[in-house]
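Structure first, commentary second.
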Amino acid sequence: MQAKINYRTSKPNNMLEQLFDLVQQNSQQAVVQNPDVPNEQNQEVMNTLVGSITGGLQDQAQSGNIGGLMSLFSGESGTSGASLLNNPIVASIATNAIGAIVQKFGLNSQVAGNIVNAVLPSVLGAVIGKMNGAGGGGFDLGSLVQMGGGLFGGGKDEKPGQGGIDLGGMLGGLFGGK
0 MQAKINYRTS KPNNMLEQLF DLVQQNSQQA VVQNPDVPNE QNQEVMNTLV
50 GSITGGLQDQ AQSGNIGGLM SLFSGESGTS GASLLNNPIV ASIATNAIGA
100 IVQKFGLNSQ VAGNIVNAVL PSVLGAVIGK MNGAGGGGFD LGSLVQMGGG
150 LFGGGKDEKP GQGGIDLGGM LGGLFGGK
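Counting from 1, position 152 in the sequence shown corresponds to residue 151 in numbering that gives the first Met the number 0; the numbering is continuous, with no gaps.
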């Protein structure tokens with residue numbers, strides 16, 4: 000049985016939809032086939048993972064950790080599970096995701112940690128790979144610039160005197176603002 004995520008938008012190839020799809024694809028063993036997760040909670044556990052990823056990235060942008068996000072998305076920290084989990088941004092997202100799963104579903108922290116450690120690095124590794132041109136695209140920098148109003152400034156509708164990195168706006172556009 001494959002759980003379906005119901006957070007769909009009217010735009011095809013929407014990045015948020017792609018993120019949901021990545022979480023769903025990478026959650027089959029860790030969530031759907033996990034005897035510790037009741038089947039009726041599979042979808043909500045996956046939705047919680049997506050919310051933790053988007054919320055964590057937005058928090059980093061809002062706190063001004065532009066360099067850390069740029070490093071993460073460029074793949075400087077690596078894209079393997081171990082290297083990603085050692086990245087402070089990913090570690091923070093993982094901690095928050097584990098806490099959310101424990102709180103919402105009553106799972107123990109070890110089970111929640113196993114789920115997050117199995118899904119999060121795979122999903123972020125895929126996003127990083129797609130942003131850097133591997134695997135066909137979808138998370139390309141051009142789309143991020145369009146969605147965020149200009150990652151490095153210079154967007155089509157930019158007025159003179161505006162510029163710089165609007166990563167918070169980019170992530171807000173990418174993942175839907177808080």
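Virtual Cβ for every residue (Gly too), placed ideally from N, Cα, C.
In this text, all values refer to a predicted model and were calculated from it rather than measured experimentally.
query	result
Between the CA atoms of Glu16 and Phe72 - distance to the nearest angstrom	18 Å
Contact under 9 Å by Cβ, Glu124 with Thr78	Going by the sequence as given, residue 124 is Gly instead of Glu. Cβ distance < 9 Å, so Gly124 and Thr78 count as in contact.
Opening and closing residue of the alpha helix (DSSP H) in which Glu16 lies	14-25
At least three beta-carbon pairs within less than 8 Å, the segment 89-102 to the segment 47-56	yes
The segment 100-109 / the segment 39-47 touching (three or more Cβ pairs under 8 Å)	yes
CB contact flag (Leu68, Val122, <9 Å)	no
Gln23 classed as buried or exposed, judged by whether at least 16 other C-beta atoms fall within 10 angstroms	buried
Coil, strand or helix - Gly149 by DSSP	The predicted position of Gly149 is uncertain, since its pLDDT is 31 and thus under 50; a value taken from the coordinates is nonetheless stated next. In the structure shown, Gly149 sits in coil (DSSP, three-state: anything other than H, G, I, E or B).
Cα-Cα separation between Gln61 and Ile127, rounded to whole angstroms	20 Å
Alpha carbon of Ile114 to alpha carbon of Ser26, nearest angstrom	8 Å
Where Asn5 falls, given that 16 or more other Cβ within 10 Å makes a residue buried	Note that Asn5 scores 44 on pLDDT, short of 50, meaning its location in the model is unreliable; the coordinates nonetheless yield the value given after this. It counts as exposed.
Helix, strand or coil at Asn86 [DSSP, three-state]	coil
Contacts around Ser70, its chain only, beta-carbon distance under 7 Å, and the 5 residues preceding and following it disregarded	Ser76
Classification of Pro87 by the beta-carbon crowding that lies within 10 angstroms, buried from 16 upward	exposed
Contact check, Asn116 vs Gly80, beta carbons under 9 Å	yes
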